[in-house]
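Protein chains in written order, with my numbering: chain A, 1 to 240; chain B, 241 to 480.
The beta-carbon is built from N, C-alpha and C at its ideal position, and this holds for glycine as well.
Please read these numbers as outputs of a predicted model, since none were measured by experiment.
Since the structure comes first, as structure tokens, the remarks are kept for the end.
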DNA sequence: TATTTCTGTCATATTTCTGTCATATTGGGG
DNA sequence: CCCCAATATGACAGAAATATGACAGAAATA
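Shown next, in the form of structure tokens:
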């Protein structure tokens, strides 16, 4: 189903970076992976290009002279017209700070330099897939549980489940990030947003509430505690 | 704990180029930068050397008589055994075509001639660092045992295994440092961190717990006692 | 505004982990 | 083959991490 030669319009990717060498490198990698590439060398041009061409995804350098990538990111996210365009930030700084700030401001992924063309392409694809799925608002199913983003509703074996807003977002986060462990800190960042200052134990409590809510027919077993590391949502129920 | 003077095996770099002068030049630059260098003057020899010596990185000339660099690259990437070895392509042609084809076929970087030895070394290092980082995230398999760092999960023959935090770190240490004996002191340093003051016998106990945990289907045999010296994790099970 | 629901925090209960010790077992040199 | 030192094992109590229930203020809803 994926390898089918199908008349799929190429995705348009906008690359925003002040260094020509990096633009070239990215552009080559993406073009050879079958994307349509647009280029912009500063935030102003980028903004214009985004408005004009409505790219499907933007690769945005963190550090640029003048308006920085972060500022542009914020501007884009503030405007309804552009808020939904996924952004991947590129940065040389491996600092946590920038990561958090970037995710907080609404970046969809974050690639530290240096990275391989392969990694780049695969992450671009990953983001596009995710966005595509979210745009489709496809319900996610696991076991008997059905999570329907469009209807903002969760049911198990047909029975509708009542979730508080935070529990809903938490479940959504887990469903879209299965099979890997997230620390309490990360969960706070992703589910609550990066600029909250909350006790990490708060996560425990919400985990508990979520588990309780979906405990029908043992679905709470999907939410797994990884002692010393955090929590994991996994389809393979482990026997801890 | 990282800056410790440790016996770090040198990275092996294979240089593939038909011109002796270039081989010499590259080899000199890399050796003086502390790498072990292997040489091959054509694609056939290179392929054999790669199979035999499993180099950590390959510098591959684009243009060679007979099988070209690009063909070799494709062949390497097609075979699982060699697909993960990072390749840096060297080329005189600044043509877009070759660049695209190279990146497309899975080269990890691309250095146009002429280049300075310093640039070469720094790009080699960059690629190795990156690969190292990516490798940290990838599941490690030994026998039926699968160690998944991202999922923070260990399974044997599909069955999830429960490990306490310290056992998990211990196993991770062993998996990333196989085939070598470590004293109890060294293990304490690496797994517990350099500034703990613990009885060395504690290591024995955790070794035992780890063995017990992974003893399913005899996987505990990988953890070997070396009397008078310490412990070793080895893929080749010996029957001492 | 009254009412209901939701949230974050706390105190407490429970579970799991860890380092140590006492004792058993093992391996090798003499 | 015996003895000694090194290693393995089982048990245990304190420590650490997580789960739970309760509650009061905040936020949403009526």
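DSSP places residue 202 of chain A within a helical segment (H, G or I) once states are collapsed to three. Within its own chain, the residues whose Cβ lies closer than 7 Å to the Cβ of residue 156 of chain A, once the five positions on either side in sequence are excluded, are 144, 145, 214, 216, 217 and 219, listed in chain order. The alpha carbon of residue 393 of chain B has as its nearest neighbour, out of A:33, A:230 and A:24, the alpha carbon of A:230. When beta bridges are read from the DSSP output, residue 186 of chain A appears opposite no residue. Beta-bridge partners of residue 303 of chain B (DSSP): none assigned. Judged by DSSP secondary structure, residue 275 of chain B falls outside any beta strand (DSSP E); it is assigned neither H nor E.
In the DSSP annotation of this structure, residue 367 of chain B is not part of any beta strand (DSSP E); the continuous alpha helix (DSSP H) holding it starts and ends at 357 to 377. Contact residues of the stretch 113 to 135 of chain A toward chain B are 114, 115, 116, 117, 118 and 119 (C-beta to C-beta distance below 8 Å). For residue 318 of chain B, the enclosing alpha helix (DSSP H) stretches over residues 309 to 318. No Cβ of chain B is located within less than 8 Å of the beta carbon of residue 69 of chain A.
The Cβ of residue 295 of chain B sits no closer than 8 Å to any Cβ of chain A.
Rounded to whole angstroms, residue 391 of chain B and residue 187 of chain A show a C-alpha spacing of 15 Å. The alpha-carbon separation between residue 127 of chain A and residue 436 of chain B amounts to approximately 42 Å. For the pair residue 420 of chain B and residue 158 of chain A, the Cα-to-Cα distance works out to about 56 Å. Distance from the CA atom of residue 148 of chain A to the CA atom of residue 299 of chain B, rounded to whole angstroms, is 50 Å. A straight-line Cα-Cα distance of about 32 Å links residue 415 of chain B and residue 203 of chain A. Judged by beta-carbon spacing, residue 18 of chain A lies beyond the 8 Å limit of residue 55 of chain A, meaning their Cβ atoms are not closer than that value.
If you compare the alpha carbons of B:451, B:439 and B:425 with that of residue 403 of chain B, the shortest gap goes to B:451. Taking the beta carbon of residue 405 of chain B as reference, the chain A residues within 7 Å of it are 227 and 228, listed in sequence order. In the DSSP assignment, residue 349 of chain B falls within the beta strand (DSSP E) that extends over 349 to 352. Secondary structure note for residue 144 of chain A: it is in no beta strand (DSSP E), with a DSSP letter that is neither H nor E. Taking 8 Å as the upper bound for CB-CB distance, residue 268 of chain B and residue 253 of chain B are not in contact here, some 12 Å apart. At a cut-off of 8 Å, the C-beta of residue 433 of chain B has no neighbouring C-beta in chain A. Chain A places a beta carbon closer than 8 Å to that of residue 390 of chain B, counting this residue as a contact. Nearest in C-alpha terms to residue 302 of chain B, of all of B:293, B:314, B:438 and B:292, is B:314. Among the bridge pairs identified by DSSP, residue 161 of chain A is matched with A:154.
In terms of Cβ geometry, residue 76 of chain A and residue 87 of chain A form a close pair [threshold 8 Å].
Short of 7 Å from the beta carbon of residue 357 of chain B, and not among the five residues preceding or following it, lie these beta carbons of its own chain, in chain order: 269. For residue 180 of chain A, the chain B residues whose C-beta falls within less than 7 Å of its own C-beta are 390 and 391, listed in chain order.
Not one beta carbon of chain A lies nearer than 8 Å to the beta carbon of residue 264 of chain B. Classified as buried, residue 431 of chain B has 16 or more neighbouring CB atoms from the shown chains inside 10 Å of its CB. Comparing alpha carbon positions, the residue from B:466, B:409 and B:445 closest to residue 422 of chain B is B:466. Beta-bridge partners of residue 472 of chain B (DSSP): B:421 and B:464. Under the three-state reduction of DSSP, residue 436 of chain B is assigned to coil, being neither helix nor strand. In the three-state scheme derived from DSSP, where H, G and I count as helix and E and B as strand, residue 51 of chain A is classed as helix. For residue 348 of chain B, the residues of chain A that pass the 7 Å Cβ criterion are 116, in the order they occur in the chain.
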